[in-house]
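**Student:**
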Amino acid sequence: MKKTILTGIKPTGQIHLGNYIGAIRPALDLAQEPSYVPAYFVADYHGLTKIHDPNEFRGLSYGIAATWLALGLDPDRTIFYRQSDVPEVFELNWILACFTSKGLMNRAHAYKSMVDSNEQMNRESNFGVNMGLFTYPILMAADILMLKTEVVPVGKDQIQHVEIARDIAESFNHVYGDTFSLPDYKIQEGGSVLPGLDGRKMSKSYHNTIPLFEEPKKLQKLINKIKTDSLPPEAPKDPDSSIIFTLYEAFAQPIEGTQMREQFLQGISWGEAKTELFNVMNRFLEEPREKYNELMEKPMILDEILKEGAEKASGISAPFLKEIKGKMGFRV
Ligand code: TRP
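The numbering of the sequence shown is my numbering, which starts it at 1 and goes up by one.
(1) Using CA coordinates, which residue listed in Ile-138, Asp-74, Ala-165, Asp-229 is at the minimum distance from Glu-150?
(2) Hey, would you say the C-beta of Met-140 is under 8 Å away from at least one heavy atom of ligand 2?
(3) Would you mind sorting His-46 into buried or exposed? The rule is 16 or more other CB atoms within 10 Å of its CB.
(4) How big is the Cα-Cα spacing for Phe-251 and Ile-226?
(5) Between Glu-33 and Arg-77, what straight-line distance do the alpha-carbon atoms span, to the nearest angstrom?
(6) What's the gap between the Cα of Leu-197 and the Cα of Thr-209?
(7) Taking 8 Å as the cut-off, does the region 320–329 touch the region 170–184 (at least 3 CB pairs, one atom from each stretch)?
(8) Can you pull the DSSP bridge partners for Arg-82?
(9) Kindly identify the DSSP beta-bridge partner or partners of His-16.
(10) From Phe-80 to Phe-172, what distance separates their C-alpha atoms?
(11) Between the alpha carbons of Thr-246 and Pro-236, how many angstroms are there, rounded?
(12) Are three or more beta carbon pairs between the region 137–147 and the region 86–95 nearer than 8 Å?
(13) Check whether the Cβ of Tyr-111 lies closer than 8 Å to any heavy atom of ligand 1, and answer yes or no.
(14) Could you have a look at Lys-6 and say whether DSSP puts it in helix, strand or coil?
(15) Can you name the start and end residues of the beta strand (DSSP E) that Asp-184 belongs to?
(16) Let me check you understand the geometry: is the CB of Asp-143 closer than 8 Å to at least one non-hydrogen atom of ligand 1?
(17) Measuring straight from C-alpha to C-alpha, what distance separates Asn-118 and Pro-319?
(18) I'd like to check one pair, Leu-69 with Ile-354: are the Cβ atoms closer than 9 Å?
(19) Report back the beta-carbon spacing between Thr-49 and Leu-133 to the nearest angstrom; my notes put them in contact at under 8 Å.
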């Protein structure tokens, strides 16, 4: 039996290289495995917890869809959809909310860290927290459980969310009998943490990102901004502590990585290393960037592809939701 593997990306910011290396690339690799049925989606309702500008919201949502496709996701072999096009997910969200203790939500990391930072800044502890953000993990559980997901590929920060989905599923099963299968998470191997321009993890919240489909000139400029030390050009340099080398290795062929390591050890100027880095990145990004730009100009194509995916998703979710509601005593 094939296993359903599911993941979503929320449209809350521009996709950057760290997202690609840490999450998208490993997910695309998993989608190739014959033992999986991939279900990948645009988590637009999750994005709504943050983005309240209609144009920005629309653009970011299409951007996620175009990114997946530009990077090679095959919509014929994937259930590829927009969360808001599958209303059953949202209906299940409410049902699950009624099986989720408030205490469980109080303990969720994303919410807790907002409370912590509010308290540190002497603000009211729930400042800036809307109920969408607070109940975020319930909607995520609905995403996962609605499609009978067996595996969720995650970065470390999302493990707790999958555990919460399991907890909620168990609470429901306890009352109505075995209904939801419990999802497992799969930590993304190779989903290495990419350093950003300042050497910390590349992350939107650190403002150190390189957007994935940046135009070549801007890409070069951002690469030039990477902090380096003042070693002279001919001095040997440590590849393993270098942001430039780490980024290079993520985009180069293995053999090129080995050669660059050698060059670092023998002494390469930072300028030359940056040029080489630009070359391997741009070589990889050129084609998907073009495809991405094309798709963003024709959102109707994206709509059509996403709609087909939503129909596939509903093929699972509609009968399953009926079954669920039937067990609960709704007239179905
Ligand atoms: N919370 C995830 C993130 O921030 C996005 C997401 C929403 C998701 N629903 C999901 C991921 C279901 C996996 C499964 O990255």
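Here a beta-carbon is modelled for each residue, glycine too, at the ideal position from N, C-alpha and C.
Everything numeric in this text was worked out from a predicted model, so none of it was measured.
**Tutor:** On the basis of the coordinates in this document:
(1) For the purposes of this step, residue 150 is taken as residue 150 along the sequence shown, with counting starting at 1. Distances from the CA of Glu-150 to each of Ile-138, Asp-74, Ala-165, Asp-229 were compared; the closest alpha carbon is that of Ala-165.
(2) The ligand content of the structure shown is limited to ligand 1, which means ligand 2 is not among them.
(3) What you label residue 46 is simply residue 46 of the sequence shown in a count that begins at 1. By the neighbour-count rule (16 or more Cβ atoms within 10 Å), His-46 is buried.
(4) Taking the first residue of the sequence shown as position 1, residue 251 is located at position 251. Taking the first residue of the sequence shown as position 1, residue 226 is located at position 226. Cα to Cα, Phe-251 sits roughly 16 Å from Ile-226.
(5) By one-based count along the sequence shown, residue 33 stands at place 33. By one-based count along the sequence shown, residue 77 stands at place 77. Straight-line Cα distance between these residues: approximately 11 Å.
(6) The residue given as residue 197 occupies position 197 in the sequence shown. The residue given as residue 209 occupies position 209 in the sequence shown. The straight-line gap from Cα to Cα measures roughly 7 Å.
(7) yes
(8) Here residue 82 refers to the residue found at position 82 when the sequence shown is read from its first residue. DSSP output for Arg-82 lists Val-42 as bridge partner(s).
(9) Within the sequence shown, residue 16 is the residue found at index 16, counting from 1. Here His-16 is bridged, per DSSP, to Pro-211.
(10) Translated into the one-based positions of the sequence shown, residue 80 becomes position 80. Translated into the one-based positions of the sequence shown, residue 172 becomes position 172. Cα to Cα, Phe-80 sits roughly 27 Å from Phe-172.
(11) Position 246 of the sequence shown holds residue 246. Position 236 of the sequence shown holds residue 236. So the alpha carbons of these two residues sit roughly 16 Å apart.
(12) yes
(13) As a first step, residue 111 is located in the sequence shown; it is residue number 111 there, counting from the start. The answer is no for Tyr-111.
(14) For the purposes of this step, residue 6 is taken as residue 6 along the sequence shown, with counting starting at 1. Inspection of the sequence shows that residue 6 is occupied by Leu rather than by Lys. Residue state, collapsed to three classes: strand.
(15) The residue labelled residue 184 in the question sits at position 184 within the sequence shown. Per DSSP, Asp-184 belongs to the beta strand (DSSP E) from 184–187.
(16) As a first step, residue 143 is located in the sequence shown; it is residue number 143 there, counting from the start. At least one heavy atom of ligand 1 is nearer than 8 Å to the Cβ of Asp-143, so yes.
(17) Along the sequence shown, read from residue 1 onward, the residue named residue 118 stands at position 118. Along the sequence shown, read from residue 1 onward, the residue named residue 319 stands at position 319. Those two C-alpha atoms are separated by around 43 Å.
(18) Because residue 354 is not part of the residues shown, which for the chain are 1 to 332, the question remains open.
(19) Translated into the one-based positions of the sequence shown, residue 49 becomes position 49. Translated into the one-based positions of the sequence shown, residue 133 becomes position 133. The pair is a contact, with the Cβ atoms about 4 Å apart (cut-off 8 Å).
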